[in-house]
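Those protein sequences? They're chains A and B, same order as listed. The numbering of the first sequence is this note's numbering, which starts it at 440 and goes up by one. The numbering of the second sequence is this note's numbering, which starts it at 30 and goes up by one.
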Amino acid sequence: MAGKISFPVGVLFSGSGSYAQPARQGFRGAMTAIAHINASRRFPFNLQAHHFDPAGEADRYASLCRQLIRERDVRHVVGCTTSWSRKEAIPVVEKLDALLWYPCVYEGFEVSENLIYVAACANQHLVPLLDYIAPRFGSRAMLVGANYIWGWENNRIARDILHRSGGEVLGERFVSIGDTDIDHLIDEVREKRPDFILNNLIGPSSYAFLRAYQALGEADDRFRPEKCPIISCNLYEGEITGLGHAAAGHFTVSCYFRTLQSPENDSFLKTLAALDPGAIVDAFYAQAFSAVVMIAEAIMRCGSDDADLVRGALRGQSVDTPLGAISVDRWTNHVELPAHIGRARADGSFEIVKRSHEAIAPDPFLTSTPLVRPLGRDEVRPELRVVK
Amino acid sequence: MSSVHVTPNFDGWRMLILHRPHRNVDALFAQCARIGAAAEQAWPTFPEARSAEEFDVLLIDADMGHDEQFPWRPGEAPLPLIALIGSEAPGRIAWTIAQGADAQLLKPIGSAGLYSALMVASYSFARRRALDRNVAALKERLARRQELAQATALLMLRKNCGANEAYQHLRLTAMTRRCSIEDVAAAIVEEFANHGLKNADNGR
């Protein structure tokens, strides 16, 4: 590939720490996409990856991001998995005029001019998930979450929606990130007997909870997933593969599942069979991959990796990605995405029980999304609508 | 607005930014659009033809603002105020406090900050309004304490009863008439002033 010019791209994911599994997925998705771009004849340039590993320490994200921009001369950083680390990196990209491509679902209530959000915010994950679950299982919920902004805010939104829509929150518990001591949560579930459990735990806490809940279900039928499922907004193939029967039967909402049948997914999986044959592809992987595809496509459109030009080249002009054709919303820097509902199988894949045929417009501040939802069991369910 | 789990919604809110045209104002316009609010800019004064009721919130400029910009006295703004602060000179901050600013935003204005400022300003304004109403009601009741004492004394004389019984009579009358106890007291005192003790048989 001699003679091609090269643009540096920062990759900022942790290879260790309490949220390492999804972070490694993001890393792998981004690196594979860079290899894919460089192998493609479509692009008259190469992307050169510069990876730094914050090792799961939130305080290292800002300094490593600064180093990528100042020392490695990158204009684009793909990375961060948690909202905590993203908030650390925002001031750096804003000050140094770079773009951070954040490829993970998050709770919303943020729009930075220097971020491109390549994943769902709450109106694209939590809202359609509750819309699907409550009419089928009931709207008496137990909320559990990791003790940081993701858990707090997602639980708060769920509580707000349930209160306004005639549902009920029977209990709410938070667990420190990385904590696997969750017996008290199981005790509370057994006592309160909810219709479903909203799981906003992350990493090892989430795995421990699912395993302990499986044991509870074996002891008491009332807590089998058919009667009282655990529902999540960020538990994908990469994590359920290691959980086997503990995850089976529970629900996840996502813009991407590996089992989705679509031309773009078929071609994506075919590409990966050659480039990254061992990958357990999931939304974290596909979103990071898509972010890199968007960067390359935008650089080709405007002939530069300048942050303003790249952002401008994607606003209102779609790019074909594994997530479908997506464009960047000019007001929010988020993307329109579908919200599919999957039920986990013991083999680590998802059965798609509700396929969303239309993309949902991003509404990070929940200003145009009605929070009174038709959650009643007896009401006729309208199809998922595009929220404008 | 009091419950902490309610998601605030500023969709359709109208804001006036009293600031000279500037990049900071452009940044505020962009933030407004994201949260569904409509913004207008004006300078140097609150537009003469407009009324405060046309807006849900007013953004004022701590750096160049002065009392004469507004058609109300300092501290009497009839809507929530957000101060845009550039220079953190104590005198300028004191000016925003005197205006009754409910929240603040530091310049330069970037991509964020307006949403939280709006949330703080609207809650704080609503709380301030509620407190003002409570204080006014309490002040009125205090001011009418003398009438209440007079009416109690008149009833004690007329009915030849003790203070507790007289007060109880006032209270029951107020309940029957669905008015305040102070109103009943005022009526008794007024009747006495007009007709003397013999005819002061309110409540029978």
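Glycine is no exception: its CB is placed at the ideal position from the N, C-alpha and C atoms.
In the pairwise beta carbon analysis, the region 695–708 of chain A is classified as not touching the region 654–671 of chain A: fewer than three pairs are separated by under 8 Å. I791 (chain A) is positioned such that its CB atom lies no closer than 9 Å to that of T680 (chain A). In this structure, A:V557 is the residue among A:L609, A:I799 and A:V557 with its C-alpha nearest to the C-alpha of P761 (chain A). Ranked by how close their Cα comes to the Cα of A146 (chain B), the residues B:A192, B:D40, B:Q133 and B:P107 have B:Q133 in first place. A Cβ-Cβ separation of about 5 Å places I641 (chain A) in contact with A585 (chain A) under the 8 Å criterion. If you look at F466 (chain A), you'll find it in the alpha helix (DSSP H) that goes A459 to A478. A direct Cα-Cα distance of roughly 41 Å separates A78 (chain B) from S209 (chain B).
Between the alpha carbons of E546 (chain A) and R595 (chain A) lies a distance of about 10 Å.
The closest CA to that of C560 (chain A), considering only A:T619, A:L776 and A:A462, is found on A:L776. In chain order, D599 make up the part of chain A whose C-beta sits under 7 Å from the C-beta of V35 (chain B).
Judged by DSSP secondary structure, V692 (chain A) falls within the beta strand (DSSP E) whose first and last residues are F690 to S693. In terms of Cα proximity to D659 (chain A), the closest of A:E630, A:N638, A:M581 and A:E678 is A:E630.
With respect to the C-alpha of V86 (chain B), the residue from B:L143, B:I114 and B:V218 having the closest C-alpha is B:L143. Taking 9 Å as the CB threshold, G191 (chain B) stays off the interface with chain A. Taking Q756 (chain A) as the centre and dropping the five residues before and after it, the same chain places the C-beta of S766 closer than 7 Å to its C-beta, in chain order.
For R579 (chain A), there is no enclosing alpha helix (DSSP H); the residue is found in the beta strand (DSSP E) stretching over R579 to A585. The region 504–516 of chain A and the region 465–477 of chain A do not touch, with fewer than 3 CB-CB distances between them shorter than 8 Å. Only F548, E549, V550, S551, E552, N553 and L554 from the region 547–573 of chain A bring a Cβ to less than 9 Å from some Cβ of chain B. Non-local beta-carbon contacts of A735 (chain A) in its own chain, meaning distances under 7 Å to residues more than five positions away in sequence, involve I476, F482 and L486 in chain order. Of the residues assessed, E117 (chain B) falls on the exposed side of the cut-off, its CB having fewer than 16 other CB atoms within 10 angstroms.
A222 (chain B) carries a helical assignment under DSSP once its states are collapsed to helix, strand and coil.
Contact between the region 574–581 of chain A and the region 600–612 of chain A is present: 3 or more CB-CB pairs across the two stretches fall below 8 Å. Contact with chain A is absent for N223 (chain B), since none of that chain's Cβ atoms lies less than 9 Å from the residue's Cβ. For V550 (chain A), there is no enclosing alpha helix (DSSP H), as DSSP marks it with neither H nor E. In the DSSP assignment, I111 (chain B) falls within the beta strand (DSSP E) that extends over L110 to I114. Identification of chain A residues near R63 (chain B) by a Cβ-Cβ cut-off of 7 Å yields V550, W770, T771 and F804, ordered along the chain. Between the region 462–469 of chain A and the region 502–510 of chain A there are fewer than three C-beta pairs closer than 8 Å, too few to call the two in contact. The beta carbons of L57 (chain B) and I89 (chain B) sit no closer together than 9 Å. Inter-segment contact for the region 687–701 of chain A and the region 719–734 of chain A is present: three or more beta-carbon pairs are separated by less than 8 Å. DSSP, reduced to helix, strand and coil, places S615 (chain A) outside both helices and strands of the structure shown, so it counts as coil. Where M148 (chain B) is concerned, the enclosing alpha helix (DSSP H) starts and stops at L143 to A172. Exposure of N189 (chain B) is indicated by the presence of fewer than 16 other C-beta atoms within 10 angstroms of its C-beta. Nearest Cα to H489 (chain A) within the set A:P809, A:L451 and A:I572: A:L451.
In the three-state DSSP reduction, I636 (chain A) falls in the strand class (E or B).
Residue contact with chain B for R595 (chain A): present (Cβ-Cβ distance below 9 Å to some residue of chain B). If you ignore the 5 residues before and after G495 (chain A), its C-beta comes within less than 8 Å of the C-beta of S453, S455, G456, S457, Y458, A459 and A462, all in its own chain and listed in chain order.
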